[in-house]
Amino acid sequence: MAISLKPSQKTVELVELTRRWSLDVVRPYAREADTNEIYPDVPEVIEACPLDVAPVGFATLRDDEYVDRAHTLKTDIEFGPNVLSVFMTEPLSQGDSWAWQMLHGGTVSEDFINLIGTPEQVEKWCTGEHVLTAIAMTEDQSGTDLAGIQTTAVRDGDEWVLNGKKVFISNLLECEWIVLLATIDPEAGSAGVRAFILDRDDIAKFDVTTDKEDKIGFRFIRNATFELHDIRIPFDRCVGGPEAPGVAAALGVFSKNRATCAVWGTSIARGCLGFTEQWIDERAEEYSPARLTRIRADFAEMHDTLDDVVRLALKSAWLKDRGENAAATACEAKAVTPKLAESIVLRCLQLVGAEGASERHLLEKWYRDIKMTDAMLGPGQVQRRSVAQMLLRGGAGR
Amino acid sequence: MSASFDLTLPDEVVAMRQAARSLALGRLDAVAREVDTTGQVPADVAGHLRDMGFTCVVDSEFGGGGVPDTHTQLIGVETLAHGDPSIVGAEVFTGGGALLLSLLGTAGQRRRFLPGAAAGSAAAPTVALYERFEPSPRAYDTEITRMPDGRYLVHGEKVAVALGGGADHVIVVGRDPEQDVLRAAVVALADIEVASAPAQGHLAMSSAGLTRIRFDVTVDADTLLHDEADGVTLAQAVARTRLLPAAVALGGATRAREYATRYATERVAFGRPIISFQGVSFTLADNHMQLDAARLGLWSIATALDGLDDDRLADEVGRTVAECHAAATTATRDAIQMLGGHGFLTDHPVELWYRCTALLSTIDCDPRFTRFAPAV
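The listed protein sequences derive, respectively, from chains A and B. Note that the working numbering numbers the first sequence so that position 352 is 352, with each residue one more than the last. Converting from the second sequence to the working numbering requires adding 1000 to each position, the first position being numbered 1.
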């Protein structure tokens, strides 16, 4: 029996290459991304990335594409795309988070179509040159609980007619197309929810009431609020068709992405920790021996903690790659990671002191950013609820 | 206050707290976002805060409201911070000099600086207390050393010095290495090197103008504050000054907990108000209990300020402050969590409180008394 939790040497090398890209190429634009509240217009940064597909998108590649991609990346395919996705997400945001979403497959909207769309939809929307996409799920009264979605899609001949309101929608004004969740049967709860594809011409008809929400972190991602008034789209824009599985399939997408979303948080925390270790090391002689010992013990504890939660995400990804039920382990990783990652960033702030909380450094930005990772794909308390429910059903997995 | 265990607040403190809460929720709350953006506290708000007499304490002899006892000041500051911890925190930092002068200033220093501070016509000196690498006052790297000619050399570096109030003098607190005691000297800002731009923003308290300063200046002996006056030592006054930001953090965090509790009773998910889920209600209950315990710890150390030697006092204050900041940062982060995606938006004030408690926790943080605590 040979249990192994380590990546191959080739993958280690690719991780390091990606980490250096994030630290050396992405980080210099981090403050600009935060201040201007938009992705910096530096395509050379994206071109310099060792990856041409965002790790979160690995799992939606066809088998032959994944093999090709692995060869291109000069890594092994000893493990499946979900495990590779977790390994490669960990270095991605250590410099800063703004860049990787510009990579192909960086948003969940393509996942929706790749996983539950018709072959024609996959061909039309998910192949060819990369474009920025978006997804519209959240409403005032509905976040994680999709049963609360009130935006409606009503069939009218060869068209769907959409009405409702969406809030907190990332990249709406920058994207080329968007996947929007609406219910075709308001009485059916989550079972009535379907995904619809709307292109740039459709988006132009939205009544955008807020084009950029003021928010605490990830300010480079613009979030919009908009209303839909009798927006008509072709019938074939319903992802997978109206008879396809509704919310269950949609949740399947989130289940896969929860593990990588969790590791997004560890990536930010690991970058923050690296910065702080270097800052302290350069001033080590200033500290009393007792404090320095305490600080270094904390550093070791923080690294161990990050390793712990990354392993939870890897386990989930491994189960997913084997075709087993990974939902519970994905929720486990997503439940515990953001809070721990956030507490690591706070600890780093405190160790650097008041200066760490100033704009002189990026720590204060990362403290604002890291909080965002907790609500994405459902906050920790909802993940715990999901894990508990699966335990009650005896389905939390191995 | 009573010598035996008794948490009953005197009638005048109850009345004061009611007035402070009215100001907090009636005015500070309303201008919090504007102050966060502009870094400017409206004149009427600054006036109301000054009149309250908790953030800028001025002896009644010079037109102020008098020096409240430590408990009363802690309760007053915490209650005001319900309105906005950033505004109140900034005022506590900029007003710290008035407290030290009221407690330990020489007659000349008090005559020179306090009347203007009481009237709002001039800023009292601000305080340079905190250091980058040495949180304990007993071991401050800043030195105030007597020279052969009787003057004093003031040498060192300080962080989180609030220059946003317009002070042109700074009370520097440091160690006298020969006498092994704390000293405090009033130094002209013109003689000080500003090591970081005051305009450089922090996570919160934008009106404080927090700045890092360096100094290597010789001052006359009459710039030194008394080491002790009316039974209060400089070490005790410094300890009291360190407790105030912790009270601010508790106030902001308590408001965050209240806000999140109300939201959780109104927000419906999975068919019922989210407060009915134990994941939500137990978290809020934990926050409440931690804040309550921290507050009692704060009141406890305030009772004991005059009964501890200087070494013990510095460490006990460090521990108490650490406990308050841990409870406050946890409660504000959990409050955002209760609001889900709405918590990130500036539509709600919770993100202000999250940023402020984090900033406060960085300023007086002794790694010996705090540690990273993994929860997996």
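No residue lacks a Cβ here, since even glycine has one placed at the ideal position from N, Cα and C.
Nearest-angstrom Cα separation, counted from residue j out to residue i
i                      : j                      : result
residue 1162 (chain B) : residue 190 (chain A)  : 53 Å
residue 235 (chain A)  : residue 225 (chain A)  : 25 Å
residue 1256 (chain B) : residue 1337 (chain B) : 11 Å
residue 183 (chain A)  : residue 117 (chain A)  : 17 Å
residue 1100 (chain B) : residue 1344 (chain B) : 39 Å
residue 313 (chain A)  : residue 1297 (chain B) : 39 Å
residue 101 (chain A)  : residue 264 (chain A)  : 11 Å
residue 128 (chain A)  : residue 1331 (chain B) : 48 Å
residue 35 (chain A)   : residue 1139 (chain B) : 39 Å
residue 1109 (chain B) : residue 1164 (chain B) : 22 Å
residue 1158 (chain B) : residue 174 (chain A)  : 45 Å
residue 1301 (chain B) : residue 1242 (chain B) : 11 Å
residue 1319 (chain B) : residue 1244 (chain B) : 14 Å
residue 98 (chain A)   : residue 39 (chain A)   : 7 Å
residue 244 (chain A)  : residue 1026 (chain B) : 54 Å
residue 1114 (chain B) : residue 1049 (chain B) : 16 Å
Closest by C-alpha distance to residue i, when choosing among the options
i                      : options                       : result
residue 32 (chain A)   : A:141, A:86 and A:220         : A:220
residue 95 (chain A)   : A:267, A:284 and A:337        : A:267
residue 1172 (chain B) : B:1164, B:1180 and B:1125     : B:1125
residue 270 (chain A)  : A:278, A:257, A:341 and A:297 : A:341
residue 272 (chain A)  : A:199, A:131, A:370 and A:129 : A:370
residue 1121 (chain B) : B:1140, B:1063 and B:1147     : B:1063
residue 163 (chain A)  : A:100, A:316 and A:196        : A:196
residue 107 (chain A)  : A:260, A:244, A:14 and A:165  : A:260
residue 92 (chain A)   : A:48, A:348 and A:156         : A:48
residue 1188 (chain B) : B:1204, B:1224 and B:1314     : B:1224
residue 1006 (chain B) : B:1278, B:1071 and B:1347     : B:1071
residue 41 (chain A)   : A:85, A:297, A:159 and A:29   : A:29
residue 1111 (chain B) : B:1059, B:1146 and B:1359     : B:1059
Min CB distance residue i to chain A below 7 Å
i                      : result
residue 1038 (chain B) : no
residue 1092 (chain B) : no
residue 1374 (chain B) : yes
residue 1365 (chain B) : yes
residue 1362 (chain B) : yes
residue 1351 (chain B) : yes
residue 1280 (chain B) : yes
residue 1269 (chain B) : yes
residue 1346 (chain B) : yes
residue 1341 (chain B) : yes
residue 1133 (chain B) : yes
residue 1202 (chain B) : yes
Burial state of residue i, where buried means 16 or more other Cβ atoms lie within 10 Å
i                      : result
residue 1073 (chain B) : buried
residue 1218 (chain B) : exposed
residue 1295 (chain B) : buried
residue 131 (chain A)  : exposed
residue 1127 (chain B) : buried
residue 1238 (chain B) : buried
residue 229 (chain A)  : exposed
residue 180 (chain A)  : buried
residue 1177 (chain B) : exposed
residue 1367 (chain B) : buried
residue 1233 (chain B) : buried
residue 90 (chain A)   : buried
residue 1370 (chain B) : buried
residue 1134 (chain B) : buried
residue 204 (chain A)  : exposed
Neighbour flag for residue i against chain B, beta carbons, 7 Å
i                     : result
residue 216 (chain A) : yes
residue 48 (chain A)  : no
residue 186 (chain A) : no
residue 121 (chain A) : no
residue 274 (chain A) : no
residue 222 (chain A) : no
residue 213 (chain A) : yes
residue 219 (chain A) : no
residue 225 (chain A) : no
Taking a Cβ distance cut-off of 8 Å, strictly less, list which residues of the region 336-363 of chain A are near chain B, in chain order.
Those residues of the region 336-363 of chain A that come within reach of chain B (Cβ to Cβ, closer than 8 Å) are 336, 339, 340, 342, 343, 344, 346, 347, 349, 350, 351, 352, 353, 354, 355, 356, 357, 358, 359 and 360.
Closer than 8 Å, Cβ to any Cβ of chain A: which residues of the region 1153-1186 of chain B, in chain order?
Flagged, chain order: 1159 and 1160.
Near-chain B residues of the region 283-300 of chain A (beta-carbon distance less than 8 Å), N- to C-terminal order:
Residues passing the 8 Å Cβ filter: 283, 286, 287, 288, 290, 291, 294, 295, 297 and 298.
Going along the chain, which residues of the region 1283-1300 of chain B sit with their C-beta nearer than 8 Å to a C-beta in chain A?
Residues of the region 1283-1300 of chain B that bring their beta carbon within less than 8 Å of a beta carbon in chain A comprise 1283, in sequence order.
If you measure beta-carbon to beta-carbon, which residues of the region 1326-1341 of chain B are closer than 7 Å to chain A?
Under the 7 Å Cβ criterion, the region 1326-1341 of chain B contributes 1329, 1333, 1336, 1337, 1340 and 1341.
When Cβ atoms are compared, which residues of the region 148-178 of chain A fall closer than 9 Å to chain B?
Contact residues of the region 148-178 of chain A toward chain B are 148, 167 and 168 (C-beta to C-beta distance below 9 Å).
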